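What follows is a short report on a single structure.
Number of protein chains: 2
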Amino acid sequence: KKQFAVIGLGRFGLALCEELMEQGAQVLALDIDEQRVKLAADKASHAIIADCSSEDTVAELKLDEYDIVVVAIGDDINTSILTTLVLKEMGTKTVWVKAKNKFHAKILYKIGADRIISPERDMGIRIARSMLDRRVFDFLALGSGLAIAEVVIGGKHLGERIDEHPCAKSNKLKILAYKRGATIYDQPDLSVSLEIGDILIVAGEEEVLKEKIRLL
Amino acid sequence: KKQFAVIGLGRFGLALCEELMEQGAQVLALDIDEQRVKLAADKASHAIIADCSSEDTVAELKLDEYDIVVVAIGDDINTSILTTLVLKEMGTKTVWVKAKNKFHAKILYKIGADRIISPERDMGIRIARSMLDRRVFDFLALGSGLAIAEVVIGGKHLGERIDEHPCAKSNKLKILAYKRGATIYDQPDLSVSLEIGDILIVAGEEEVLKEKIRLL
Ligand SMILES: Nc1ncnc2c1ncn2[C@@H]1O[C@H](COP(=O)(O)OP(=O)(O)OP(=O)(O)O)[C@@H](O)[C@H]1O
Ligand SMILES: Nc1ncnc2c1ncn2[C@@H]1O[C@H](COP(=O)(O)OP(=O)(O)OP(=O)(O)O)[C@@H](O)[C@H]1O
Chain A
877 KKQFAVIGLG RFGLALCEEL MEQGAQVLAL DIDEQRVKLA ADKASHAIIA DCSSEDTVAE
937 LKLDEYDIVV VAIGDDINTS ILTTLVLKEM GTKTVWVKAK NKFHAKILYK IGADRIISPE
997 RDMGIRIARS MLDRRVFDFL ALGSGLAIAE VVIGGKHLGE RIDEHPCAKS NKLKILAYKR
1057 GATIYDQPDL SVSLEIGDIL IVAGEEEVLK EKIRLL
Chain B
877 KKQFAVIGLG RFGLALCEEL MEQGAQVLAL DIDEQRVKLA ADKASHAIIA DCSSEDTVAE
937 LKLDEYDIVV VAIGDDINTS ILTTLVLKEM GTKTVWVKAK NKFHAKILYK IGADRIISPE
997 RDMGIRIARS MLDRRVFDFL ALGSGLAIAE VVIGGKHLGE RIDEHPCAKS NKLKILAYKR
1057 GATIYDQPDL SVSLEIGDIL IVAGEEEVLK EKIRLL
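Here the protein sequences come in this chain order: A and B. So for the first sequence, the numbering used here puts the first residue at 877; every next one is plus one. So for the second sequence, the numbering used here puts the first residue at 877; every next one is plus one.
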């Protein structure tokens, strides 16, 4: 069974722990701040107060044996870099690091970070796309006359059951899932009542899908 | 043509402006800090120094006439709330707001924010999912024996052309797009050389796709 550790329990680090637990995985939550460790106690398998920029700490906690360690120390770039260096120098196989800006990211790559994460930048880009076409979050042609789209629920269909939505009313289309906030509901319960910002993931015949979207 | 405004040019706000411009849209970038406005000058149609928590400013800039205004003021919760309130009270149709935490989000909804954005929390959730299955970022069954998956490029296929990847070698599968960082390349150039972290978006017959993934 894979072992995961998250260093730094800000919003990103904490949400990461929570979701790993939700998916049935084990995660060790670490932070130098006692208060944050307390808040993480029920969102991780174990939550420990530790200064992870120290070699002794990394050795003691055996972090080098973990499958993936995520460094989610946000503001303090120096500590983030030092922690990453220590982890890689001590043989940690995979280290992912949240970068504060492009320079931080460059340095992290140079010292061996396996993946850089930029939540704010990524989100800026995704939000820009949903501003440009309010009814559709995403549209992919699948070839063979099929397509998949993410349809945003605005005011018009608020309160309707999913199976009352126009996209649910064609046997040429299928509602594969819906997203509410950051959670995806696979095998969706079609009696669920829609809320603003919900996203239906619809697939089927491209022409039928395009027409349904056009009429939304 | 739609009018967009972004208040607060931190990483999220700035990335948002950049992407809107990239997609050919117009965007007004606003910040109280001169330095940030300077940095945004080439990433927006217009960049103005302004304290947007003031009614006079909102009236002067006619922000109430914009289609979507995004409040991306991060740390200063009070200013974020005040700015949102002013915009909604003055009749701005759609206001999206970056929330710092759940309490901030609750207050924002109560005062009329149309959408709440939590980049760190959203990203924590998505990253958790890619930690759980390193080869696959996402897998959706489409019904009718078809499926779509997002396949992550690890060390094994680094440097190969897309059309040399196992998923490109079946006439039952199609590479619809690939993602590099936060950019999606539709109608992909299959001679492109793969880098670690690239994501191929593959669709086709579900059983063939599953088998290809299993052998990655
Ligand atoms: N040496 C260290 N060892 C372990 N944790 C640390 C260390 N230094 C800082 N941290 C922790 O990193 C956490 C995250 O940092 P911070 O809150 O600055 O990031 P952030 O970017 O605001 O987070 P987010 O955007 O995810 O909310 C803090 O809880 C802090 O206590
Ligand atoms: N009254 C105001 N009017 C306009 N801009 C403001 C106002 N108050 C603060 N800002 C701006 O909001 C911007 C974003 O805030 P801040 O940098 O605290 O957020 P952040 O959460 O760190 O951003 P990000 O996470 O997106 O990088 C700052 O550039 C700041 O100058």
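Here a beta-carbon is modelled for each residue, glycine too, at the ideal position from N, C-alpha and C. None of these values were measured; they are calculated from a predicted model.
### Query
Can at least three beta-carbon pairs, one atom from the region 1061-1076 of chain B and one from the region 1030-1041 of chain B, be found at a separation below 8 Å?
Yes, the region 1061-1076 of chain B touches the region 1030-1041 of chain B.
### Task
Identify the contact partners of leucine 906 of chain B in chain A, using a Cβ-Cβ distance below 9 Å as the criterion.
Indexing the second sequence from 1 puts residue 906 of chain B at position 30. Chain A residues near leucine 906 of chain B: none, gap ~15 Å exceeds 9 Å.
#### Entry: Runs of alpha helix (DSSP H) lying entirely within the region 911-971 of chain A, each at least 4 residues, in chain order
Fully enclosed alpha helix (DSSP H) runs of 4 or longer: 931-936 and 953-965.
### Bridge partner(s) assigned by DSSP for lysine 974 of chain B
Stepping through the second sequence from its first residue, residue 974 of chain B is reached at position 98. DSSP output for lysine 974 of chain B lists B:Ile993 as bridge partner(s).
### Residues that glutamine 899 of chain A contacts on chain B, provided the C-beta gap is smaller than 8 Å
On the first sequence, residue 899 of chain A is found 23 positions in, with the first residue counted as 1. Under the 8 Å cutoff, chain B gives Ala1004, Arg1005 and Leu1008.
### Message
For a cutoff of 8 Å on Cβ pairs, would you count glutamate 941 of chain B as touching chain A?
### Response
Counted from its first residue, the second sequence places residue 941 of chain B at position 65. Interface annotation, glutamate 941 of chain B: not in contact with chain A, CB-CB separation never under 8 Å.
### Query
Which of helix, strand or coil does DSSP assign to glycine 1080 of chain A?
As a first step, residue 1080 of chain A is located in the first sequence; it is residue number 204 there, counting from the start. Secondary structure at glycine 1080 of chain A: strand, using DSSP grouped into helix, strand and coil.
### Task
Find the residues of chain B that neighbour phenylalanine 979 of chain A, judging by a C-beta separation of less than 9 Å, and give them in chain order.
Walking along the first sequence from the start, residue 979 of chain A turns up at place 103. Neighbours of phenylalanine 979 of chain A on chain B: none; closest Cβ ~13 Å, over 9 Å.
### Query
Going by DSSP, which residues form a beta bridge with valine 1028 of chain A?
To locate residue 1028 of chain A, count along the first sequence from 1; it is residue 152. Looking at the DSSP output, valine 1028 of chain A shares a beta bridge with A:Ile1075.
### Message
I'd like to confirm the pairing. Which residues does DSSP put opposite lysine 1050 of chain A in its beta bridges?
### Response
Position 174 of the first sequence, counting from 1, holds the residue named residue 1050 of chain A. Residue pairing by DSSP puts lysine 1050 of chain A in a beta bridge opposite A:Ala1079.
### Message
Does chain A have any CB closer than 8 Å to the CB of leucine 984 of chain B?
### Response
Counted from its first residue, the second sequence places residue 984 of chain B at position 108. No, because no Cβ of chain A sits closer than 8 Å to the Cβ of leucine 984 of chain B.
### Query
What does DSSP give as the partner residues of leucine 1055 of chain B in its beta bridges?
Locating residue 1055 of chain B in the second sequence gives position 179, counting from the first residue. The amino acid at residue 1055 of chain B is misidentified as leucine; the sequence shows lysine. DSSP output for lysine 1055 of chain B lists B:Ile1060 and B:Ile1075 as bridge partner(s).
### Message
Below 8 Å on C-beta distance, what does alanine 1053 of chain B contact in chain A?
### Response
For the purposes of this step, residue 1053 of chain B is identified with residue 177 of the second sequence, where counting begins at 1. Leu1016, listed in chain order.
### Message
Please tell me whether, using a cut-off of 7 Å, the distance from the CB of alanine 935 of chain B to the nearest non-hydrogen atom of ligand 2 is below it.
### Response
Here residue 935 of chain B is taken as the residue at index 59 of the second sequence, counted from 1. The answer is no for alanine 935 of chain B.
#### Entry: Which listed residue (A:Glu996, A:Val1084 and A:Ile925) has its alpha carbon closest to that of valine 1050 of chain A
Walking along the first sequence from the start, residue 1050 of chain A turns up at place 174. Inspection of the sequence shows that residue 1050 of chain A is occupied by lysine rather than by valine. The shortest Cα separation from lysine 1050 of chain A among A:Glu996, A:Val1084 and A:Ile925 belongs to A:Val1084.
### Task
Whole angstroms is fine: what's the gap from leucine 886 of chain A's alpha carbon to isoleucine 993 of chain A's?
Residue numbering aside, residue 886 of chain A sits at position 10 when the first sequence is read from its first letter. Residue numbering aside, residue 993 of chain A sits at position 117 when the first sequence is read from its first letter. Leucine is not the amino acid found at residue 886 of chain A; the sequence shown has glycine there. Glycine 886 of chain A and isoleucine 993 of chain A have their C-alpha atoms roughly 14 Å apart.
### Query
Near leucine 1034 of chain A, what residues of its chain come up, given a Cβ to Cβ distance below 8 Å and the 5 sequence neighbours on each side ignored?
Translated into the one-based positions of the first sequence, residue 1034 of chain A becomes position 158. Hits under 8 Å: Leu1070, Glu1071 and Ile1072.
### Query
Using the C-alpha atoms, what's the distance from leucine 961 of chain B back to lysine 1081 of chain B?
What you label residue 1081 of chain B is simply residue 205 of the second sequence in a count that begins at 1. What you label residue 961 of chain B is simply residue 85 of the second sequence in a count that begins at 1. Before going on, a small fix: residue 1081 of chain B reads as glutamate here, not lysine. Near 50 Å, if we compare the C-alpha coordinates of leucine 961 of chain B and glutamate 1081 of chain B.
### Task
Can you give me, in chain order, the residues of the region 922-948 of chain A that have a beta carbon less than 9 Å from any beta carbon in chain B?
The region 922-948 of chain A vs chain B, Cβ under 9 Å: Asp943, Ile944, Val946 and Ala948.
### Message
Excluding the 5 residues flanking isoleucine 1097 of chain A on each side, which residues of the same chain have their C-beta closer than 8 Å to its C-beta?
### Response
Because chain A in this structure spans residues 877 to 1092, residue 1097 of chain A falls outside the shown range and cannot be described.
### Query
Can you give the beta carbon distance from lysine 940 of chain A to valine 934 of chain A, rounded, assuming they're within the 8 Å contact cut?
Position 64 of the first sequence holds residue 940 of chain A. Position 58 of the first sequence holds residue 934 of chain A. Looking at the sequence itself, residue 940 of chain A is aspartate, so the reference to lysine does not match. Correct: roughly 7 Å between the Cβ atoms.
### Query
Should the region 889-896 of chain B be regarded as contacting the region 994-1008 of chain A, the criterion being three or more beta carbon pairs within less than 8 Å?
Between the region 889-896 of chain B and the region 994-1008 of chain A, the count of Cβ pairs shorter than 8 Å is three or higher; the stretches touch.
### Query
Within 10 angstroms of its Cβ, does threonine 968 of chain A collect 16 or more other Cβ (buried), or is it exposed?
The residue labelled residue 968 of chain A in the question sits at position 92 within the first sequence. Within 10 angstroms of the beta-carbon of threonine 968 of chain A lie 16 or more other beta-carbons, which makes it buried.
### Task
Can you tell me the Cβ-Cβ gap for phenylalanine 888 of chain B and lysine 978 of chain B, rounded? I've got them flagged as a contact below 8 Å.
Your numbering for residue 888 of chain B matches position 12 in the second sequence. Your numbering for residue 978 of chain B matches position 102 in the second sequence. For phenylalanine 888 of chain B against lysine 978 of chain B, the beta-carbon gap comes to about 18 Å, at or over 8 Å, which does not count as contact.
#### Entry: Run of the beta strand (DSSP E) containing alanine 881 of chain B, from where it starts to where it stops
Counting from 1 along the second sequence, the entry for residue 881 of chain B is found at position 5. Where alanine 881 of chain B is concerned, the enclosing beta strand (DSSP E) stretches over 879-883.
### Task
Assign lysine 919 of chain B to one of two classes, buried (16 or more other C-beta atoms within 10 Å of its C-beta) or exposed (fewer than that).
Numbered from 1 along the second sequence, position 43 holds the residue referred to as residue 919 of chain B. Answer is buried; the Cβ neighbour count reaches 16.
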